[in-house]
Each structure stands twice: as structure tokens, then as C-alpha cells.
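**Student:** Numbering (our numbering), first residue to last: 201 to 310.
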């Protein structure tokens, strides 16, 4: 399994948000029901790279192109996660030749 390129610094404020996939609804008689959709807690995160050069942009894009249909290892805050991409990374050219990229991932803690 490939390891995500964590050597490229992303913006402050990143967090992996845990979700148990709980879906709630209300029955005809007013009873609230809940359904847990995941066997394991799933973590969802969004990595934002505000000012990266074209070399780092290409590294992130190549990693996506190679692993878009595969799980990959992601190290964060002393833990390791098995992640997958949610969608294609979004890129935007900034002033001065810099790039902004947003990468959405989700997966489980190892």
C-alpha cells in the first residue's frame, strides 16, 4: 500500500472528523430510530494546500492518478489510517505561479 506524501505541508486547521454513519429518522408513531451504517468509525478529512509550487502540485496529482482507485496509508498525529479519495483533487492557479489544491479523503484508523 502506498503512503500519502505527507512531506508536503498542508494548511493549519486540518482535522479528521470521525463518523459512525448514524442515520436517524422518525416513524409514523413518533418513535425516533437510529441505524449505524459503518462497522468501524470512518474518518473524513480535507487537506488544503494554499500556496504550493508546480512540483508539489504534480507530486500530489501523480499520487492521486496512481492511487485513485486504491487504499493508501496516511500518517497523522502519531496514528496511521487506511484512506481512499472521495473525489478528484481540486486545483486553482494563484498569483505568482503558486497553486492551491484541496484533497478530500476518508478511511479508517489502523
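All C-beta atoms in this analysis are idealised placements derived from N, C-alpha and C, irrespective of residue type, glycine included.
Below 8 Å, how does it come out for the segment 244 to 254 and the segment 208 to 228: are there three or more Cβ pairs, yes or no?
**Tutor:** yes
**Student:** Can you give me the C-alpha to C-alpha distance between residue 309 and residue 258, rounded to a whole angstrom?
**Tutor:** Reading the chain shown from its first residue, position 109 is the one you call residue 309. Reading the chain shown from its first residue, position 58 is the one you call residue 258. Straight-line Cα distance between these residues: approximately 27 Å.
**Student:** Using the C-alpha atoms, what's the distance from residue 223 back to residue 256?
**Tutor:** Residue numbering aside, residue 256 sits at position 56 when the chain shown is read from its first letter. Residue numbering aside, residue 223 sits at position 23 when the chain shown is read from its first letter. Answer to the nearest angstrom: the Cα atoms are 39 Å apart.
**Student:** Does the pairing of the segment 297 to 308 with the segment 264 to 284 give three or more beta-carbon distances under 8 Å?
**Tutor:** yes
**Student:** Per DSSP, residue 206 is paired with what?
**Tutor:** On the chain shown, residue 206 is found 6 positions in, with the first residue counted as 1. BP columns for residue 206 are empty, so no partner.
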